[in-house]
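Q:
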Ligand SMILES: [Mn+2]
């Protein structure tokens, strides 16, 4: 079905499966064994109003780095597959989302030319046990594999948890807008009501 794709990837470090389904916004499971990462991924899909099923196992006893980065890689692969099926999408999506003290901005162009800009200055290096530096690894991996232009900026905030959560909500909403299939838009926007 268009708008849905699954990619599985198994290496010596990680075993990952990601499904995204833009047709089923209520179906969200995030199972990575990294509670804060699960929380952020869930917020992204929920506020982006798309279905997402993530299963990830890996050497988190070494460092959650591999799992976080590889979930980004596989999620990018899924978005790339969805674009192939849709053929044309709206391309652009942006969102600015506040959460308490924090404000984050995400702008996306699904253009086939990977570009990544990320601005974040966190007041706390960890939220719970989660190293906030890993957020960059996830976003960069997703950007490269999805072949999108992603500008992500946490403008300000006092609490790293709020800052990252506002960023993931903005990312979800921006992805939703950027991957609207182009044919549907044309149909709706045609003054004739059809093409
Ligand atoms: Mn939270």
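Residue numbers (the numbering used here): 52 to 246. We treat Cβ as the ideally placed atom computed from N, Cα and C, and that holds for glycine. Because the structure is a prediction, the values reported are computed rather than measured.
In this structure, does DSSP put residue 89 in helix, strand or coil?
A: Note: residue 89 maps to helix in three-state DSSP.
Q: When the Cα of residue 102 is compared with those of 183, 74, 144, which residue comes out closest?
A: It is 74 whose Cα lies nearest to the Cα of residue 102.
Q: Kindly indicate the opening and closing residues of the alpha helix (DSSP H) around residue 173.
A: Looking at the DSSP string, residue 173 is not in any alpha helix (DSSP H), and its letter there is neither H nor E.
Q: Taking 6 Å as the limit, name every residue whose beta carbon sits nearer than that to some heavy atom of ligand 1, in sequence order.
A: Chain-ordered list of matching residues: 90, 212, 216.
Q: I believe residue 96 touches residue 67 by the beta-carbon criterion, under 8 Å. Please report the beta-carbon distance rounded to the nearest angstrom.
A: That pair is no contact at about 16 Å.
Q: Count the other C-beta atoms from every protein chain shown that fall within 10 angstroms of the C-beta of residue 214, then say buried if there are 16 or more, exposed otherwise.
A: Residue 214 should be labelled buried.
Q: For residue 131, collect the residues of the same chain with a Cβ closer than 8 Å to its Cβ; drop the 5 residues on either side in sequence, then sort them by chain order.
A: If we look at residue 131 and ignore the five residues flanking it on each side, its Cβ neighbours are 196, 197, 198.
Q: Go through the segment 132-220 residue by residue and report every complete run of the beta strand (DSSP E) that reaches 3 residues or more, in order.
A: Those beta strand (DSSP E) runs which fall completely within the segment 132-220 and span 3+ residues are 143-150, 153-160, 166-170, 200-207.
Q: According to DSSP, is residue 121 part of a helix, a strand, or is it coil?
A: Residue 121: helix per DSSP, three-state reduction.
Q: In whole angstroms, give me the CA-to-CA distance for residue 154 and residue 218.
A: Answer to the nearest angstrom: the Cα atoms are 8 Å apart.
Q: Between which two residues does the beta strand (DSSP E) harbouring residue 103 extend?
A: Where residue 103 is concerned, the enclosing beta strand (DSSP E) stretches over 102-109.
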